[in-house]
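In the UniProt record's numbering, the protein residues as written are 1 to 165.
Single-structure report; data block below.
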Amino acid sequence: MKSTIIPFDYNGNEISFNTDGWINATEIARPFGKRPVDWLKQDETRQYLKILGEVLNCDPESLLETRRGRHHGGTWLHPKLGVRFAQWLDVRFAVWCDFQIDSILHGDLGARQQFENASKALDHRKDLASLQGKGLAAWRWQKPTLENRVEYWREQLQLQLTLDA
């Protein structure tokens with residue numbers, strides 16, 4: 001799961017999805033005072049994971065990913081699990097998540113593609129700058145423009161997804 005993170009706001013809380021529709025379960029559970037591990041221990045959840053793995057012809061464990069780190073670390077859930085987990089947290093929130101995931105997966109590819117391209121350009125230039133001492137001076141000039149471009153397309157994507165919801 002190596003995709004760009006798209007931050008959303010739900011009632012003042014940052015909700016992170018990625019461009020593949022995966023959702024950060026650790027992050028979204030926090031405002032509700034819950035933890036993904038408690039949901040994952042439930043018999044119904046384990047049964048759902050097993051059957052979903054069978055239907056998708058994959059190992060049920062591949063529908064979960066745990067990342068370390070302060071920024072966007074935690075348990076990430078496959079889009080088919082995201083809404084199910086959100087229902088456990090709060091029904092209204094689950095409906096909101098359903099629309100966000102649908103918009104990410106089936107929304108305007110133009111804005112999504114522009115966002116991906118801008119993010120890749122920023123990452124590429126960052127890598128190049130770290131490899132070249134001479135590139136650092138150019139990086140100082142290009143970085144704000146690239147960051148602005150990423151932020152612009154992030155806002156366009158969020159605006160579009162908000163309007164679609």
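Positions of the beta carbon are idealized from the N, C-alpha and C atoms, including for glycine.
- At a cut-off of 4 residues, the continuous stretches assigned as alpha helix (DSSP H) that sit fully inside the UniProt domain "KilA-N" (4 to 104) are 25 to 29, 36 to 40, 43 to 55 and 79 to 89.
- Here DSSP, grouped into helix, strand and coil, assigns K120 to helix.
- For the pair D102 and G21, the Cα-to-Cα distance works out to about 8 Å.
- By the CB criterion at 9 Å, F8 and Q100 fall inside the cutoff.
- Along the length of the segment 116 to 162, whole beta strand (DSSP E) runs at least 3 residues long do not occur.
- Contact annotation: the segment 66 to 77 does not touch the segment 120 to 128, with fewer than three C-beta pairs closer than 8 Å.
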